[in-house]
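Worksheet: one structure, shown below.
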Amino acid sequence: MENLCQEFLSNEAFNYHLIGPDDLQNYTELSTSVLKQKQTVAFHGAFSLLLQCMENLAGEVEQLTLPGGKLALKVFQAITIIQEKRSVVVEWVANPVNDMYADAVLAVILQVESNPTTAQAARAKKPDISQFPERLMKLLRGTYGNDAVIRTTKGDQISVKLDGQTAVINLDTLDVDCTDESLHSHVSSAAKRLHNAMSPCHV
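Per UniProt numbering, the very first residue in the sequence shown carries number 1; after that it's consecutive.
Following this line, the structure appears as structure tokens:
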């Protein structure tokens with residue numbers, strides 16, 4: 001029986017090999033792609049007011065001039081807002097973190113469009129940074145699941161577990177302790193971007 005099993009497993013028809021994403025096009029008809037989201041929103045206000053509100057939201061906004069002379073803003077280093085006639089186009093690469101920031105950006109645009117006077121008065125209001133740990137927990141649980149994200153009893157750390165790997169976030173320094181490079185990068189990016197969004201901007 002043992003010899004029969006060895007002969008069965010050694011058959012070339014059952015020799016399988018794992019391939020990486022870069023090899024998909026060489027061995028299969030599959031291919032990898034990046035999903036880019038684009039949304040057009042009506043906007044009749046001044047682009048400078050939108051810039052000020054985005055600075056209040058994100059802390060630091062990159063101003064761009066695109067080919068053709070169009071003005072654009074880069075928010076959270078991931079969301080691009082392009083000025084059009086009577087509208088703006090919001091573009092981003094889809095992933096759980098960028099989608100969350102895009103929602104925040106779109107909410108601000110809609111607020112400025114519906115009531116520019118209120119938006120102009122609110123731009124000086126400072127976000128409540130004390131809510132950062134709770135919002136970070138909500139963000140991470142939305143990505144990894146409720147059971148995968150735990151805050152320590154002392155409240156100064158948040159741990160994230162994924163596929164046997166653990167990332168521990170120090171809420172005082174935002175340093176992340178994790179041996180898995182991919183998990184470390186994603187958790188660290190999410191924590192720092194959210195903290196940057198909630199921190200008061202300096203003018």
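Just so you know, even glycine gets a beta-carbon here, dropped at the ideal spot from N, CA and C.
Where residue i and residue j are concerned, what is the direct C-alpha to C-alpha distance, given to the nearest angstrom?
i: Ser111; j: Lys161; result: Note that residue 111 corresponds to Gln in the displayed sequence, not to Ser. Answer to the nearest angstrom: the Cα atoms are 37 Å apart.
i: Leu174; j: Ser159; result: 12 Å
i: Glu91; j: Met137; result: 26 Å
i: Leu35; j: Gln157; result: 33 Å
i: Ala102; j: Glu134; result: 20 Å
i: Arg123; j: Asn56; result: Bear in mind that a pLDDT of 49 at Arg123, under 50, signals an unreliable position, so the model cannot answer this.
i: Val187; j: Met54; result: 23 Å
Indicate whether residue i and residue j have their beta-carbon atoms separated by less than 8 Å.
i: Ala42; j: Glu113; result: yes
i: Ile82; j: Leu66; result: yes
i: Val61; j: Leu49; result: no
i: Ala58; j: Phe76; result: yes
i: Leu139; j: Leu194; result: yes
Return the bridge partner residues of residue i from the DSSP annotation.
i: Ile109; result: Answer is none; Ile109 lacks a bridge partner.
i: Val160; result: Val149, Ala167
i: Lys36; result: Val93
i: Ser87; result: Ala42, Glu84
How would you write the range of the alpha helix (DSSP H) that residue i sits in, first residue to last?
i: Thr65; result: Careful: Thr65 lies outside any alpha helix (DSSP H), inside the beta strand (DSSP E) at 61-65.
i: Ala72; result: Ala72 -> not in any alpha helix (DSSP H); beta strand (DSSP E) instead, spanning 71-75.
i: Thr143; result: 132-144
i: Ala46; result: Looking at the DSSP string, Ala46 is not in any alpha helix (DSSP H), and its letter there is neither H nor E.
Given residue i, which residues of its chain have a CB within under 8 Å of its CB, disregarding the five upstream and five downstream residues?
i: Val93; result: Val34, Leu35, Lys36, Gln37, Ala78
Note the first and the last residue of the continuous beta strand (DSSP E) segment covering residue i.
i: Thr173; result: Where Thr173 is concerned, there is no enclosing beta strand (DSSP E), given that its DSSP letter is neither H nor E.
i: Thr80; result: 79-84
Can you find the residues in the same chain that come closer than 6 Å, C-beta to C-beta, to residue i, ignoring five residues on each side of it along the sequence?
i: Thr143; result: Pro96
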